[in-house]
Amino acid sequence: MRLTGAIYRGGIVLAYTVMLLPVVLLAVTSVFRDAIIAFPPSGLSLEWYRNALGRDEFLDGFVTSFKVAAIATLIGVPAGTAASLALVRSNLRAKQAITTFLLGPIIVPGIVAGTALYLTYLLAQTRLDRDIVGTLPGLVAAHVLLTIPWTVRVVTAGLQGLDRSVEEAALNLGARHATVFWRVTLPMMRPAIVAASMFSFIQSFENLELTLLLVGPGMSTLPIAMLNYLEFQIDPTLAAVATIQIVVIAAMMLVTDRYVKLSRIV
Amino acid sequence: MKSLELVNIRKDYGGAVAVAGMSMQIARGELVSLLGPSGCGKTTTLRMVAGFVAPSAGSVLIDGRDVTRLAPYERDTALVFQSYALFPHMTVAQNVGFGLEMRKVGRAEREAQSLEALRRVRLEHLADRYPRQLSGGQQQRVALARGLVLNPAVFLLDEPLSNLDAKLRGEVRSEIRALQQSLELTTLMVTHDQEEALTMSDRLVLMEGGRVRQAGTAQDLYERPADAFVAEFVGRSNVIEGRAEGGGFRTACGTLLPAAAAGAAGGSFYAIRPEKIVLAREDAGEGVGGALREILYLGAQTEYTVMLGQTPVTVIAATPGPDDALAGLRTGDPVRLSWPGASARLLGA
């Protein structure tokens, strides 16, 4: 009995270590002074943070990534939520097929979907005689393909766990259908919608594969800016960028958690 | 005038019949229970009254007005759900005030009435809590307050006690009944628990297979069951198959049991309540002889199973004291059972 308890606790410690160790190493190496990572370091410095913040490609990348993720979330979450409502609540035929179709973009490998999008964009560009690849709308349209499936996944699960009798109670107490939706259904879906927004934003923000072919001069996302940097440099600047990114996302999660307890959703 | 009247309502789902044409009336201030096993159509009936299920035929009248085609929000009913169905994102006071808000009652008036309703269920001190912070019993009382604050023409209770533990159940039962009587609420309650129905209702309607098997007071159903199903469902009964013969009843395995001459002619079932049977030692000389198969000590009472030939008969009697003739009885002992013929009933299936 005591042995199984020890194995159980050991397993938990191991799992957390495997998950957190790379993050910790990343943060630690970001303050090593040496350009080529060596252990032990010859000293500590914030030089790489200065370098990271001083380079336009990272700052521009961050701004672009943030814009794309925010707009794609604002479009994808309402659309995905509406789709989930239809999938869970209506008598639609072929629900399973529609669900699979909507989840498609996150099932197909990102690089494949990205290539397909690239070819489609090129085709559309020649037909419409205007740029799509390397534009903000082009990136946003691609990232909506990430935010919709994530929303459908999270919100559908949330809706299935929702007690229908609560809505019936509202009807019984004199609320019309529209009132029931705004006053009861939507507030009860709030935790799922918040979680969906978070996932969507993060998925879009950190996406590399789908985006790789769709960026253009002056319109690059942060992960791609980091990849480009890595092609020529291997100093800890990237560790610094990644650490900043982790801190920003962690801060977002903490703020969200104040309004909706994330531990109750995920 | 009848507050609630169901006229021959019927519900079919495809080929399956959930409710096969039932009629009933509830007078103002009366509590009527719909009782029956699961799948008997009682919940469908309740949902037809609330407006969640459209009847395939027949009509629902509330205070004399035909509401059959009205939406749930157009009907003056308040339903207390089995799961309570409180709004999780609203405080207790907001939950209770929701119906008033839908009726466009002003804020101050709404708060006053909500608080009054909460006072009735002794929860005014929890008005600012959220449902998840309350115990099951407290949530139930919020659900009650949320309904009764509207002073509805018809109050509907769906299995109101099924989610409470045994100790609370008795308390809440009396509390609901007291509220219902003091407010003179016309109430339709659905339950599968016969004890709940017997203790709380003015009248009971026992349903089975979408039909009414018997309607009447608790005494009607208990003392004068219409058929073997009623006799077995309401309270406990020994139901024995056989046929009427002379002044008695001959069981399938040949024992002759006493029966009143006025028993239902042609009844092929014989029903006798376990507590109406007198158990005696064999040397009593009187009654039907049998062998004691099982003794279950229940505290104040003891339950005996006696084999009359191949037929098991349950007897419930006060637990004998140390000097009682029945003290020291053991399984396998020969015993005699007796009861007046008038206590038994001859019934159809």
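Same order as they appear, the protein sequences are chains S and V. Residue numbering for the first sequence follows my numbering, beginning at 1 and increasing consecutively. Residue numbering for the second sequence follows my numbering, beginning at 267 and increasing consecutively. Glycine is no exception: its CB is placed at the ideal position from the N, C-alpha and C atoms.
| said: Measuring straight from C-alpha to C-alpha, what distance separates PHE495/V and THR310/V? | reply: Translated into positions along the second sequence, residue 495/V becomes position 229. Translated into positions along the second sequence, residue 310/V becomes position 44. In a straight line, the C-alpha of PHE495/V is about 21 Å away from that of THR310/V.
| message | At the 8 Å Cβ level, is ARG388/V part of the contact set with chain S, yes or no? | response | By 1-based counting over the second sequence, the position of residue 388/V is 122. No, because no Cβ of chain S sits closer than 8 Å to the Cβ of ARG388/V.
| Could one say the Cβ of SER200/S lies closer than 8 Å to chain A's Cβ atoms, at least one of them? | Looking for chain A here will not work: the only protein chains present are S and V.
| Is the beta carbon of VAL500/V sitting closer than 8 Å to the one on GLN460/V? | In the second sequence, residue 500/V corresponds to position 234, counting from 1. In the second sequence, residue 460/V corresponds to position 194, counting from 1. Cβ distance < 8 Å, so VAL500/V and GLN460/V count as in contact.
| query | Between VAL319/V and the rest of its own chain, which residues show a CB-CB distance below 8 Å, the 5 nearest in sequence each way excluded? | reply | The residue labelled residue 319/V in the question sits at position 53 within the second sequence. Same-chain partners within the cutoff: LYS277, THR310, ARG313.
| Does at least one heavy atom of the ligand ADP sit under 7 Å from the Cβ of SER45/S? | For the ligand ADP, the structure offers nothing, since it holds no ligand at all.
| message | Suppose you measure from the CA of ILE246/S to the CA of ASP56/S; what does that come to, to the nearest Å? | response | The sequence position of residue 246/S within the first sequence is 246, counting from 1. The sequence position of residue 56/S within the first sequence is 56, counting from 1. So the two alpha carbons sit approximately 19 Å from each other.
| request: Give every residue of the same chain whose Cβ lies closer than 7 Å to the Cβ of SER289/V, excluding the five residues on either side of it in the sequence, and list them in chain order. | output: Against the second sequence, residue 289/V aligns to sequence position 23. Around SER289/V: LEU272, VAL273, ASN274.
| said: Please list, in chain order, the chain S residues whose beta carbon lies closer than 9 Å to that of SER349/V. | reply: Along the second sequence, read from residue 1 onward, the residue named residue 349/V stands at position 83. Near SER349/V (Cβ distances below 9 Å), the residues of chain S are ASP163, SER165, VAL166.
| request: Please go through the stretch 20-56 of chain S and give each complete alpha helix (DSSP H) segment of 4 or more residues, from N-terminal end onward. | output: 47-54
| Whole-angstrom Cβ separation of ARG559/V and THR597/V, contact assumed at under 8 Å? | Taking the first residue of the second sequence as position 1, residue 559/V is located at position 293. Taking the first residue of the second sequence as position 1, residue 597/V is located at position 331. Indeed they touch by this definition, with Cβ atoms about 6 Å apart.
| said: Quick check: what's the CA-CA separation for ASP257/S versus GLY280/V? | reply: Here residue 257/S refers to the residue found at position 257 of the first sequence. Here residue 280/V refers to the residue found at position 14 of the second sequence. Roughly 48 Å between the two C-alpha positions.
| query | With contact counted as at least three CB pairs below 8 Å, one residue from each stretch, are the stretch 69-89 of chain S and the stretch 144-151 of chain S in contact? | reply | yes
| query | Is the stretch 376-392 of chain V in contact with the stretch 334-353 of chain V, if contact means three or more CB pairs nearer than 8 Å? | reply | no
| query | Near TYR49/S, which residues of its chain fall below 6 Å by C-beta distance, leaving aside the five closest residues on each side in sequence? | reply | By one-based count along the first sequence, residue 49/S stands at place 49. ALA240.
| message | For MET466/V and VAL420/V, what's the separation of their Cα atoms in angstroms? | response | On the second sequence, residue 466/V is found 200 positions in, with the first residue counted as 1. On the second sequence, residue 420/V is found 154 positions in, with the first residue counted as 1. Roughly 16 Å separates the two Cα atoms.
| What are the boundary residues of the beta strand (DSSP E) that includes ALA293/V? | Position 27 of the second sequence, counting from 1, holds the residue named residue 293/V. Taken as a continuous stretch (DSSP letters only), the beta strand (DSSP E) holding ALA293/V covers 282-293.
| said: Starting from TYR396/V, trace the beta strand (DSSP E) in both directions and tell me its first and last residue. | reply: Mapped onto the second sequence, residue 396/V falls at position 130. Unbroken run through TYR396/V: none, as it is neither H nor E.
| field | When GLU209/S, SER30/S, PHE39/S, ILE202/S are compared against SER45/S, the one with the closest alpha-carbon | value | For the purposes of this step, residue 45/S is taken as residue 45 along the first sequence, with counting starting at 1. Among GLU209/S, SER30/S, PHE39/S, ILE202/S, the Cα nearest to that of SER45/S is on SER30/S.
| query | Which bits of chain S does ALA316/V rub up against, with CB to CB less than 7 Å? | reply | Start at 1 with the first residue of the second sequence, and residue 316/V comes out as number 50. In chain order: ASN172.
| request: Inspect the beta-carbon positions of VAL358/V and LEU392/V and report whether they are closer than 8 Å. | output: The residue labelled residue 358/V in the question sits at position 92 within the second sequence. The residue labelled residue 392/V in the question sits at position 126 within the second sequence. Against a cut-off of 8 Å, the Cβ pair of LEU392/V and VAL358/V comes out as a contact.
| message | Using a Cβ-Cβ cutoff of less than 6 Å, which residues in the same chain neighbour GLY287/V once the five nearest sequence positions on both sides are dropped? | response | By 1-based counting over the second sequence, the position of residue 287/V is 21. Excluding residues within five positions, the ones whose Cβ falls inside 6 Å are ASN274, ARG276.
| Against chain V: residues of the stretch 214-248 of chain S by CB proximity under 8 Å | none
| LEU454/V versus CYS306/V - alpha carbon distance | Residue 454/V sits at position 188 when you count from the first residue of the second sequence. Residue 306/V sits at position 40 when you count from the first residue of the second sequence. Approximately 16 Å between the Cα atoms of the pair.
| query | Got a sec: is the Cβ-Cβ distance from MET189/S to anything in chain V below 8 Å? | reply | Taking the first residue of the first sequence as position 1, residue 189/S is located at position 189. No, MET189/S lies away from the interface with chain V (no Cβ there is under 8 Å from its Cβ).
| task | Throw me the rounded Cβ distance for the ARG89/S and TYR339/V pair, which I believe falls under 8 Å. | result | As a position in the first sequence, residue 89/S is number 89, starting the count at 1. As a position in the second sequence, residue 339/V is number 73, starting the count at 1. At roughly 18 Å, the Cβ-Cβ gap does not stay under 8 Å, so ARG89/S and TYR339/V are not in contact.
| Within 8 Å, strictly: CB atoms of ALA35/S and SER204/S | Here residue 35/S is taken as the residue at index 35 of the first sequence, counted from 1. Here residue 204/S is taken as the residue at index 204 of the first sequence, counted from 1. No. Outside cutoff.
| query | Is the stretch 189-197 of chain S in contact with the stretch 218-237 of chain S, if contact means three or more CB pairs nearer than 8 Å? | reply | no
| Is DSSP giving GLY529/V helix, strand or coil here? | If you number the second sequence from 1, residue 529/V lands on position 263. Below a pLDDT of 50, predicted positions are generally treated as unreliable, and GLY529/V, at 49, falls in that range; the measurement from the model is reported next regardless. If DSSP states are grouped into helix, strand and coil, GLY529/V belongs with coil.
| request: Note down, in chain order, each residue of its chain lying with its Cβ closer than 6 Å to the Cβ of ILE506/V, except the 5 sequence neighbours on either side. | output: Residue mapping note: residue 506/V aligns to position 240 of the second sequence, counting from 1. The residues are THR517, TYR536, THR577.
| field | Strand pairing of ARG601/V, partner residues [DSSP] | value | Indexing the second sequence from 1 puts residue 601/V at position 335. Rather than Arg, the amino acid found at residue 601/V in this sequence is Val. Bridge partners of VAL601/V: ARG547/V, GLY556/V.
| What first and last residue would you give for the alpha helix (DSSP H) that runs through ASN172/S? | For the purposes of this step, residue 172/S is taken as residue 172 along the first sequence, with counting starting at 1. Looking at the DSSP string, the run of the alpha helix (DSSP H) that includes ASN172/S is 164-172.
| 8 Å Cβ cutoff met for LEU464/V and ALA484/V | Here residue 464/V refers to the residue found at position 198 of the second sequence. Here residue 484/V refers to the residue found at position 218 of the second sequence. Yes; because the gap between Cβ atoms is below 8 Å, this pair is in contact.
| Beta carbon proximity, ILE193/S to chain V, threshold 8 Å | Taking the first residue of the first sequence as position 1, residue 193/S is located at position 193. It does not: the Cβ of ILE193/S has no partner Cβ on chain V nearer than 8 Å.
| task | Could you work out which residues of chain S lie near HIS355/V, taking near to mean beta carbons separated by less than 7 Å? | result | Working through the second sequence from its first residue, we reach residue 355/V at position 89. Ordered by position in chain S, the residues that pass the 7 Å Cβ test against HIS355/V are PRO187, MET188.
| said: Starting from PHE515/V, trace the beta strand (DSSP E) in both directions and tell me its first and last residue. | reply: In the second sequence, counting from the first residue as 1, residue 515/V sits at position 249. Here the beta strand (DSSP E) through PHE515/V covers 514-517.
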